[in-house]
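Asker:
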């Protein structure tokens, strides 16, 4: 084949390309119609900008189903230390316990828990997680062996990274279920993001010093991105100067020899790009292995955890029914209580969805009342951030009928408790009236004469009262 014949074919190909470009079908919509549509769209967009808007608060836990929050993982005794008014680099410690209900009461819409991961829920990584533990076991990896009907301790140590006003929560991530969020706390972080540094060491012998994990090896990251960006640009430019996709497709449809669309130069360029790409990938892997040969690989196994020892309360508590009163914003819970122990007990608290409804300690009296009072302390509004968050401790629990006498050993009594507070609506739990699963669950705290606390889980169906 002579050079002249090759040139003739190329000229014919480019001529055909120009003809195809000029033969695109015209739009079915006239210019006048398009103009009217554009003006209409501009008017609509302009009107939308004048619509009234309100402040949106990102409390993700309040969007969860009330039945899910009250009947799945029960966070309790949650305390914060070092929160409130903070500076970038300050640490906050979140400690507490969580209870996993038994299989009998576990929501059927959730997968049974087996593997979980302790995490925080908040607006992105505004805090860095420094330490995390479940039952004193470091939670660098996921925890396995989570048992239903058991209680576990947890601890989170977080460090403020980004200035702002943030709402942070402990959460338990579970396979098949996602995060179950515990009670949250507002933190007000001041300072500059650029001042934050998370340092440490890596390697088997700690030979790699990391001055700031947030910027560690960024030069390598930028370098690799730039390299692949250049490779991509070269590849795109090579084909952009050729006929584009649509003319090539239509040329094939018209019966043009498809071998004319890809020249020998195209094939050589493709082979060259493949060789260069493989060389970069293989060479980069070999270099990384040689440079970081003593690095411990990321661990993918799960860490077994053990629950707290089961309590010996000798109490049998059976939920009968509950009622949510809409106008009064109150929940009434009726239950049968049998005391098989050797000491009188009194009800001191009902906890659900991270909220604690407590009795007046004076109604318990003695060591029981003192133990209840010491079990919580209001959040320090001055910003120290010590103890329990005030909004999650409500002293609004009462016994219907006023009989606050102790349940004696061997006695069985039907007791009705009432928790009336606006927090039901504030926390979105009042949406139980709209839920397809109208059930309420939670932990009831009993105190004996020595101040010993016993926790019993109850779960019961819920009716709704509108007056």
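Residue numbers (our numbering): 630 to 1096. Every residue, glycine too, gets a C-beta built ideally from N, C-alpha and C.
(1) Please report the Cβ distance between residue 972 and residue 1078, rounded to the nearest whole angstrom; I am assuming they are in contact, meaning their Cβ atoms lie under 8 Å.
(2) Per DSSP, what kind of secondary structure is residue 787 in: helix, strand or coil?
(3) Between residue 795 and residue 969, what straight-line distance do the alpha-carbon atoms span, to the nearest angstrom?
(4) Take residue 938 as the anchor and find which of 762, 1063, 778 and 748 has the nearest alpha-carbon.
(5) Provide the residue span of the alpha helix (DSSP H) that contains residue 881, from first to last.
(6) Are the beta-carbon atoms belonging to residue 809 and residue 823 less than 8 Å from one another?
(7) Out of 916, 1071, 962 and 1096, which one is the CA nearest neighbour of residue 1030?
(8) With a CB to CB cut of under 6 Å and the five nearest residues on each side skipped, what residues in its chain are close to residue 748?
(9) Report the three-state DSSP secondary structure of residue 693 (helix, strand or coil).
(10) Taking buried to mean at least 16 other C-beta atoms within 10 Å of its own C-beta, is residue 798 buried or exposed?
(11) With DSSP as the reference, label residue 822 as helix, strand or coil.
(12) Does the structure place the segment 923–936 close enough to the segment 764–779 that three or more beta carbon pairs sit under 8 Å?
(13) Helix, strand or coil for residue 866, going by three-state DSSP, please let me know.
(14) Just confirm the distance between the C-beta atoms of residue 841 and residue 856, as a whole number of angstroms; I'd bet it's less than 8 Å.
(15) What residue does the alpha helix (DSSP H) around residue 1117 start on, and which one ends it?
(16) Taking 8 Å as the CB-CB limit, is residue 1037 close to chain C?
(17) Identify the continuous alpha helix (DSSP H) that holds residue 988 and give its terminal residues.
(18) Which residue wins for smallest C-alpha separation from residue 975, given the options 956, 903, 703 and 944?
(19) Taking residue 999 as part of the alpha helix (DSSP H), name the residues at either end of that continuous run.
(20) Measure the C-alpha to C-alpha separation of residue 888 and residue 866 and round it to an integer number of angstroms.
(21) If we call anything under 8 Å between Cβ atoms a contact, is residue 1100 one with residue 790?
(22) In angstroms with no decimal places, state the Cα-to-Cα distance between residue 836 and residue 922.
(23) Rounded to whole angstroms, what's the CA-CA distance from residue 848 to residue 979? Just pull it up for me.
(24) Take residue 1026 as the anchor and find which of 744, 902, 1047 and 1088 has the nearest alpha-carbon.
(25) What residue from 815, 877, 926 and 920 has the CA that sits closest to residue 714's CA?
(26) To the nearest angstrom, how far is it from the Cα of residue 650 to the Cα of residue 869?
(27) According to DSSP, is residue 777 part of a helix, a strand, or is it coil?
(28) Just to confirm my understanding: we take residue 1060, look at its own chain, exclude 5 residues before and 5 after, and list those with CB closer than 6 Å. What are they?
(29) For residue 666, name the three-state secondary structure that DSSP assigns.
(30) When the Cα of residue 1035 is compared with those of 1088, 1084, 1091 and 966, which residue comes out closest?
(31) DSSP three-state call for residue 849: helix, strand or coil?
(32) Please work out which residues of its chain come closer than 6 Å, Cβ to Cβ, to residue 712, disregarding the five sequence neighbours upstream and downstream, and give them in chain order.
(33) Could you pull the DSSP bridge partners for residue 968 from this structure?
(34) Pick out whichever of 953, 1093 and 940 has its Cα sitting closest to the Cα of residue 1086.
(35) Whole-angstrom Cβ separation of residue 755 and residue 811, contact assumed at under 8 Å?
(36) Is it true that the CB of residue 958 sits closer than 8 Å to the CB of residue 1050?
Answerer: A quick look at the data gives this:
(1) Taking the chain shown and counting its residues from 1, the one referred to as residue 972 is at position 343. Taking the chain shown and counting its residues from 1, the one referred to as residue 1078 is at position 449. Rounded, the Cβ-Cβ distance is 6 Å, consistent with contact.
(2) Looking up residue 787 in the chain shown gives position 158. The three-state reading of DSSP puts residue 787 in strand, counting E and B together.
(3) For the purposes of this step, residue 795 is taken as residue 166 along the chain shown, with counting starting at 1. For the purposes of this step, residue 969 is taken as residue 340 along the chain shown, with counting starting at 1. Approximately 47 Å between the Cα atoms of the pair.
(4) Position 309 of the chain shown, counting from 1, holds the residue named residue 938. When the alpha-carbon of residue 938 is set against those of 762, 1063, 778 and 748, the nearest one is in 778.
(5) Looking up residue 881 in the chain shown gives position 252. From DSSP, the alpha helix (DSSP H) with residue 881 extends over 874–882.
(6) To locate residue 809, count along the chain shown from 1; it is residue 180. To locate residue 823, count along the chain shown from 1; it is residue 194. Going by C-beta atoms, residue 809 is not nearer than 8 Å to residue 823.
(7) Here the question's residue 1030 lines up with position 401 in the chain shown. Nearest option by C-alpha distance: 962.
(8) Sequence index remark: in the chain shown, residue 748 carries index 119 (1-based). Only 800 and 802 meet the Cβ criterion.
(9) As a position in the chain shown, residue 693 is number 64, starting the count at 1. Residue 693: coil per DSSP, three-state reduction.
(10) Within the chain shown, residue 798 is the residue found at index 169, counting from 1. Counting Cβ neighbours within 10 Å, residue 798 comes out buried, since at least 16 surround it.
(11) For the purposes of this step, residue 822 is taken as the residue at position 193 of the chain shown. DSSP places residue 822 in helix when its eight states are reduced to three.
(12) yes
(13) Translated into positions along the chain shown, residue 866 becomes position 237. The answer is helix: DSSP assigns residue 866 an H, G or I state.
(14) Looking up residue 841 in the chain shown gives position 212. Looking up residue 856 in the chain shown gives position 227. That belief does not hold up - the Cβ atoms of residue 841 and residue 856 are roughly 24 Å apart, past 8 Å.
(15) Lying outside 630 to 1096, the shown extent of the chain, residue 1117 is not represented and no answer is given.
(16) Protein chain content of the structure displayed is limited to a single chain, and chain C is not contained in it.
(17) The sequence position of residue 988 within the chain shown is 359, counting from 1. First-last for residue 988: undefined, no H or E at that position.
(18) Numbered from its first residue, the chain shown carries residue 975 at position 346. If we check each option's Cα against that of residue 975, 944 comes out closest.
(19) The residue you call residue 999 lines up with position 370 of the chain shown. Element bounds for residue 999: 995–1003.
(20) Your numbering for residue 888 matches position 259 in the chain shown. Your numbering for residue 866 matches position 237 in the chain shown. Cα-Cα distance, rounded: 21 Å.
(21) As displayed, the chain neither begins before 630 nor continues past 1096, which places residue 1100 out of reach and without an answer.
(22) As a working mapping, residue 836 is identified with position 207 in the chain shown. As a working mapping, residue 922 is identified with position 293 in the chain shown. C-alpha separation (whole angstroms): 11 Å.
(23) Locating residue 848 in the chain shown gives position 219, where the first residue counts as 1. Locating residue 979 in the chain shown gives position 350, where the first residue counts as 1. For residue 848 and residue 979, the distance between alpha carbons rounds to 55 Å.
(24) As a first step, residue 1026 is located in the chain shown; it is residue number 397 there, counting from the start. Cα-wise, what sits closest to residue 1026 is 1047.
(25) Walking along the chain shown from the start, residue 714 turns up at place 85. Cα-wise, what sits closest to residue 714 is 815.
(26) On the chain shown, position 21 is the one that residue 650 refers to. On the chain shown, position 240 is the one that residue 869 refers to. Residue placement at residue 650 cannot be trusted, given a pLDDT of 44 that sits under 50; the coordinates are not used to answer.
(27) The count along the chain shown starts at 1 and reaches residue 777 at position 148. Of the three classes helix, strand and coil, the one that applies to residue 777 here is coil, per DSSP.
(28) Along the chain shown, read from residue 1 onward, the residue named residue 1060 stands at position 431. For residue 1060, where only same-chain residues beyond five positions count, the Cβ hits under 6 Å are 695.
(29) The sequence position of residue 666 within the chain shown is 37, counting from 1. Helix, per DSSP.
(30) Within the chain shown, the letter at position 406 stands for residue 1035. Taking only the C-alpha atoms, the option nearest residue 1035 is 966.
(31) By 1-based counting over the chain shown, the position of residue 849 is 220. Correct three-state label for residue 849: helix.
(32) Residue numbering aside, residue 712 sits at position 83 when the chain shown is read from its first letter. So the qualifying residues of the chain are 721, 814, 816 and 1014.
(33) Along the chain shown, one-based indexing puts residue 968 at 339. 944.
(34) Indexing the chain shown from 1 puts residue 1086 at position 457. Nearest C-alpha to residue 1086: 940.
(35) As a first step, residue 755 must be located in the chain shown, where it is residue number 126. As a first step, residue 811 must be located in the chain shown, where it is residue number 182. Contact doesn't hold; Cβ gap of about 17 Å is too wide.
(36) Numbered from its first residue, the chain shown carries residue 1050 at position 421. Numbered from its first residue, the chain shown carries residue 958 at position 329. Against a cut-off of 8 Å, the Cβ pair of residue 958 and residue 1050 comes out as a contact.
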